[in-house]
Structure formats: C-alpha cells, structure tokens
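Colleague: Sharing a structure below in structure tokens format, with a few things to ask.
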Amino acid sequence: MGKKARLPSVTKRMDDESDAKKFQFVFYCDCCGQGYRSAPIRFSVAGTSDHIENFTAAQKLIYEAEYEDAYERGNRNALITFKPCEVCRRRVCEDCTDGQEFDHICSDCRAKQ
Ligand SMILES: [Zn+2]
Ligand SMILES: [Zn+2]
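Counting along the sequence shown from 1, when you hit position 1 you're at 4 in this note's numbering, and nothing is skipped either side.
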C-alpha cells in the first residue's frame, strides 16, 4: 500500500484519541502543556463495531484514509493555535506568550531574560 508519510506533530506531545467511530487528536503546548483538542470527525462508515479489528477490509482502507485526513486537519489547526517562540522555537500557546503579537516569546524564555 502506497502510504503517505505522516507529518510530524506540530507540538512535541500529541495524544491520539481516535476510536472506531471518530477521529480526534490532542496537541499540547510545548511550554505549559495546555491541551488543544481537535474537533472530532466522525468515521463516515462507522458501523456497529467498536473494534477496528472487526472492520471489513474496505472499512479499514476508508478508515486509514480518513484518519490521515483528520490528523492533517488537526495538525494544521495546532499550527495556528501554537505559534513558535522567537527564542527557543518551541510551539507555545497564547497564554505562554501573554497574547503578544510581537516579541512572541514563551514564559520560560522571558524568565531567563
Ligand atoms: Zn502554554
Ligand atoms: Zn521560548
């Protein structure tokens, strides 16, 4: 199967909360660990089974494709939610930069200045 290489998560820590019925991901601020949970996306052909292992081959293929799409969408939103700190380049939330548009520096780096 020609599978696309998955992009790395925008943030260092990411949890996959996807199951047999939906796709959902949680991204965590690199500085304070605050989580951003992506909007759940329903698996389009979710059946009665709660176990991916019980899917038909066709369901599994669709599941994989939709999983990749949902992950990319979540990752894109994380890109907007967590902006890079100008000093350490980690992806940090608005709270960590005090909502400043300029001097976008995380609280860890500000403390060191
Ligand atoms: Zn933060
Ligand atoms: Zn920083």
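The beta carbon of each residue, even a glycine, is placed where N, CA and C say it ideally should be.
Counting along the chain, where does the alpha helix (DSSP H) carrying Asp-111 start and finish?
Modeller: Residues 110-115.
Colleague: Are Glu-69 and Phe-105 close, meaning C-beta to C-beta below 8 Å?
Modeller: Their beta carbons are not under 8 Å apart, which means Glu-69 does not touch Phe-105 by this criterion.
Colleague: Are the beta-carbon atoms belonging to Tyr-66 and Ile-83 less than 8 Å from one another?
Modeller: Contact: no.
Colleague: Suppose you measure from the CA of Ala-61 to the CA of Glu-97; what does that come to, to the nearest Å?
Modeller: Their Cα atoms are separated by approximately 42 Å.
Colleague: Tell me the DSSP bridge mates of Val-95?
Modeller: Looking at the DSSP assignment, Val-95 forms a beta bridge with Lys-86.
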